[in-house]
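Chemist: In our numbering, the protein residues as written are 36 to 293. Sharing a structure, written as structure tokens. Questions coming.
Encoded structure:
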């Protein structure tokens, strides 16, 4: 089985676990609407894996979970719709809004005009550093730890760390297993958590402790570090009009690649 087919198979398995967990998450009273972009936006995510999943990347950038304006619409991690279409070359497909989606957060797909700031910042920086998606993905690959869009009654985004452990832990265990699979399939040697939560999940998945490398399922060391998250809610990301964030991520990537 090819690298791309193995990545798709791993994503489908994670998607299936997440689908099974959605009723429990919604019934728990902490999440009003839980939807799965690996399911309804698979026609986009599949393109992402097929085009960019086997170019030799050894560094993995790890996000947390989708927001309503990025991967929820594009099926791509940090997938602001314009960069998904232009830089990542995702061709628009008709997507169906899940019946349990928040009524104020319909699935528009790649025609959505609103741009996710985090995604635009991340991929525009990758373009400025590497020039093309081909060079970018020969260096790094990007995955979200959890694929689920989690929303409250008002449509606010909910991150997995805000949910009771007993409720979200079965999903996170499946996400950890998916992360381990991706690292094994690609031969990843370095993980950069985009934000401290993602770094924490990577360290848990690879028994890394608070410092030092983790160990992969095939016995290799994997270095784990973090960079600032590009969220507009982060003072660090906004400082000096984003220049400090760009410098932080650039320096981390340079350190990780030697």
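Idealized CB from N, CA, C, for every residue including glycine.
(1) Tell me the rounded alpha-carbon separation between residue 68 and residue 208.
(2) In angstroms, rounded to a whole number, what distance separates the CA positions of residue 149 and residue 104?
(3) Starting from residue 42 and walking both ways along the beta strand (DSSP E), at which residues does that stretch end?
(4) By alpha-carbon positions, which one of 146, 275 and 199 ends up nearest to residue 62?
(5) With distance defined between alpha-carbon atoms, name the residue in 264, 37, 251 and 89 nearest to residue 169.
(6) On the CB-based measure, 16 or more other CB atoms within 10 Å of its CB, does residue 254 come out buried or exposed?
(7) If residue 180 and residue 214 are in contact, beta carbons under 8 Å, what's the gap, nearest whole angstrom?
(8) Pull up the DSSP beta-bridge partners for residue 262, would you.
(9) What's the gap between the Cα of residue 191 and the Cα of residue 203?
(10) My understanding is that residue 236 touches residue 258, with C-beta atoms under 8 Å, so please give their C-beta distance in whole angstroms.
(11) Return the bridge partner residues of residue 241 from the DSSP annotation.
(12) Starting from residue 273, follow the beta strand (DSSP E) in both directions and report where the run begins and ends.
(13) Within 10 angstroms of the Cβ of residue 82, are there 16 or more other Cβ atoms? Answer buried if so, exposed if not.
(14) What does a CB cutoff of less than 6 Å around residue 70 pick up in its chain, not counting 5 residues either side in sequence?
(15) Between 171, 59, 77 and 142, which lies nearest to residue 42 when the distance is taken from Cα to Cα?
(16) For residue 293, which of helix, strand or coil comes out of DSSP?
(17) Between which two residues does the alpha helix (DSSP H) containing residue 154 stretch?
Modeler: So, from the listed chains and residues:
(1) Sequence index remark: in the chain shown, residue 68 carries index 33 (1-based). Sequence index remark: in the chain shown, residue 208 carries index 173 (1-based). Cα to Cα, the separation comes out at about 21 Å.
(2) Residue mapping note: residue 149 aligns to position 114 of the chain shown, counting from 1. Residue mapping note: residue 104 aligns to position 69 of the chain shown, counting from 1. One C-alpha to the other measures close to 7 Å.
(3) Your numbering for residue 42 matches position 7 in the chain shown. Not the beta strand (DSSP E): residue 42 falls in the alpha helix (DSSP H), residues 38-62.
(4) For this step, residue 62 is matched to residue 27 along the chain shown. Nearest option by C-alpha distance: 199.
(5) Against the chain shown, residue 169 aligns to sequence position 134. Nearest option by C-alpha distance: 89.
(6) As a working mapping, residue 254 is identified with position 219 in the chain shown. Looking at its Cβ environment, which holds fewer than 16 other Cβ atoms inside 10 Å, residue 254 is exposed.
(7) For the purposes of this step, residue 180 is taken as the residue at position 145 of the chain shown. For the purposes of this step, residue 214 is taken as the residue at position 179 of the chain shown. Confirmed, about 6 Å.
(8) Looking up residue 262 in the chain shown gives position 227. As DSSP reads the structure, residue 262 sits in a beta bridge with 229.
(9) The residue you call residue 191 lines up with position 156 of the chain shown. The residue you call residue 203 lines up with position 168 of the chain shown. A direct Cα-Cα distance of roughly 18 Å separates residue 191 from residue 203.
(10) In the chain shown, the residue the question calls residue 236 occupies position 201. In the chain shown, the residue the question calls residue 258 occupies position 223. Residue 258 and residue 236 do not touch by the CB rule: their CB atoms are close to 15 Å apart, not below 8 Å.
(11) On the chain shown, position 206 is the one that residue 241 refers to. Residue 241 pairs with nothing; no bridge assigned.
(12) Numbered from 1 along the chain shown, position 238 holds the residue referred to as residue 273. Per DSSP, residue 273 belongs to no beta strand (DSSP E); it is in the alpha helix (DSSP H), 270-273.
(13) Start at 1 with the first residue of the chain shown, and residue 82 comes out as number 47. Around the beta-carbon of residue 82, 16 or more other beta-carbon atoms lie within 10 Å, marking it buried.
(14) What you label residue 70 is simply residue 35 of the chain shown in a count that begins at 1. Annotation for residue 70: 133, 136 and 184 place their beta carbon closer than 6 Å to its own, counting only its chain and skipping 5 residues before and after.
(15) Locating residue 42 in the chain shown gives position 7, where the first residue counts as 1. That would be 77, whose Cα lies nearest to the Cα of residue 42.
(16) Stepping through the chain shown from its first residue, residue 293 is reached at position 258. Residue placement at residue 293 is flagged as unreliable, the pLDDT there being 45, under the threshold of 50; the coordinate-derived value follows with that caveat. Of the three classes helix, strand and coil, the one that applies to residue 293 here is coil, per DSSP.
(17) Locating residue 154 in the chain shown gives position 119, counting from the first residue. For residue 154, the enclosing alpha helix (DSSP H) begins and ends at 152-165.
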